[in-house]
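K.L.:
Positions 9 to 432 (this note's numbering) are the ones given, in order, by the sequence shown.
Backbone N, C-alpha and C define an ideal beta-carbon position, used for all residues, glycine too.
Only a predicted model underlies this, so the values are computations on that prediction, with no experimental measurement involved.
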Amino acid sequence: MPSKPVYIAPEQLQIGIFVLLEMNWLDHDFARNSFKIKSAEQLAQLQRLGLQRIQVDPNRSDARPLPASAAIVIPAPPAEPQEDTPAMLAKRERVARILEQRATVAQCETQFIKAAAALKDINTNLFPRPLAAHQGAEQLVQQMLDSILTNKDIAIHLMNDKVAGEEMYFHSLNVTVLAMMLARELDVAPADIKQLGVGCLFHDIGKLDIPDRVRLKTEPHTRAERNLMQQHTQYGLTTAGKLGLSRAATDIIGQHHEHADGSGYPLQLKGEKISTLARIVAIVNTYDNLCNQPNLLDSVTPYEALSQMFAQQRQHFDAAPLNMFIRCMGVYPPGTIVRLSDDTLGMVVSVNSSKSLRPSILIYDKAVPKAEAIIIDLMTETDITVAASLKPAQLSREVHEYLSPRKRTTYYFDSPKNENPRKA
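(1) Using 9 Å as the limit for Cβ to Cβ distance, is P377 near chain C?
(2) Cβ of I291 within 9 Å of Cβ of D259?
(3) If you draw a straight line from the alpha carbon of Q203 to that of T184, how long is it in whole angstroms?
(4) Buried or exposed, going by whether 16 or more other CB atoms sit within 10 Å of the CB of D195?
(5) Buried or exposed: which applies to F421, given that a residue is buried once 16 or more other Cβ atoms fall within 10 Å of its Cβ?
(6) Compare the C-alpha of T390 against each of D200, S349, E117 and K46 and name the closest.
(7) Is the Cβ-Cβ distance between Y340 and P302 less than 9 Å?
(8) Return helix, strand or coil for H142, following the three-state DSSP convention.
(9) Output the distance between the C-alpha atoms of E101 and P228, rounded to the nearest integer angstrom.
(10) Below 8 Å on the Cβ atoms is my contact criterion, and I expect I106 with I369 to pass it. Report the Cβ-Cβ distance as a whole number of Å.
(11) Go through its chain and collect everything with a Cβ distance to L285's Cβ below 6 Å, but skip five positions before and after it.
(12) A223 by DSSP, collapsed to three states: which one?
(13) Could you check where the beta strand (DSSP E) with R335 kicks off and where it finishes?
(14) Could you tell me the alpha carbon to alpha carbon distance between L447 and T247, rounded to whole angstroms?
(15) So, with DSSP's three-state summary, where would you put Q321?
(16) Given a cut-off of 9 Å, decide if Q50 and L23 are closer than it, judged by their beta-carbon atoms.
(17) Near Y295, what residues of its chain come up, given a Cβ to Cβ distance below 6 Å and the 5 sequence neighbours on each side ignored?
This is the structure:
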């Protein structure tokens, strides 16, 4: 049976023991409040904190505490003021990065809310003012396009559940954000990316012609209801004509449920018979639908969605964009609960499309208030890796409440500033 954390005197510590510091994260030099002692320097720093006792976790330790009789006391530090240590300087840099990350996410959430509001206005104008709706969509997509073309890299951030709008709006935005990112990584021409974005915003527009009792149903559809739901692509084509959409955007509306192997609908098109842009949208649309099912209990984690698409549904998609999508999102996309190589638990909150194997992760640490949770960037924390993906149900109640796994997986992007902007 696993041992519970215990308290020992600082003098009983030794290299290999896993400690859990019950103090403010900013009051010590260490990168984390919970970690395994790896060096004599760390051991000395711990013993000089002035703590009467330190909590340790035997299950994550490679060594046992020293007996009290064999404990080694580290001499007290000199009384005169000391210069900042390299560890403290590194800590300050880490704090600055965390604050910058939080500011970036807050800015993305603001942009997401504005985009969702704009999309709601667009849908309000669909039938009374179709040309205004089309123009509004073009303007919204152009703003997004300007952002993703500005810089070399794109960072995809997980949005808070609080800012997610009505289902149809955030699904359309999710698909638009991810499809435009994927198209850019595939070197699709900017003009085509713009039409891709417009098509994504309207890809499910035909569902508005389906009764709410069927469209919003959370239980499994009957065969008749399923057949009716599949008519949304045809209904969407009719609306696309009224909006005056381009052929490229219209093809997305009509073909985003077609499969490369001919098993999709409505026309069972195969391979290159499906438009290039619709093949991109088919991948992203499937991913978002797997993560955000009408019945939340049926949803899978972002990690499981990518795994399922690659292992079980690969024949449905064009290989090149599918592989690129997985590369951009990473093995552990934002929203994935993970266990790190040092046994820490966390949730992936953002990923850079060009460095997706080293995401940013919000860390569970009971000694740090949830509002001040530590975010580590695996690009800089090079000695830490992701060991495994976990289901939210595997978390204890305390960890679950701290990490707050999203009921809906919603994304938005920012373009980190760099010296090599992407050329349009």
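P.N.:
On the basis of the coordinates in this document:
(1) No chain C appears in this structure, which consists of one protein chain only.
(2) no
(3) 11 Å
(4) exposed
(5) buried
(6) S349
(7) With respect to P302, Y340 sits apart: the two C-beta atoms are not nearer than 9 Å.
(8) helix
(9) 51 Å
(10) So it is not a contact: roughly 12 Å between Cβ atoms.
(11) L204, A256 and I260
(12) According to the sequence as given, residue 223 is Arg; it is not Ala. DSSP places R223 in helix when its eight states are reduced to three.
(13) Run containing R335: none in the beta strand (DSSP E); it sits in the alpha helix (DSSP H), A327 to M337.
(14) Because the chain spans 9 through 432 in this model, residue 447 falls outside it and cannot be assessed.
(15) coil
(16) First, the amino acid is wrong: residue 23 is Ile here, not Leu. In this structure, Q50 lies closer than 9 Å to I23 by Cβ.
(17) The beta carbon of Y295 lies closer than 6 Å to those of A313 in the same chain, with the five residues before and after it left out.
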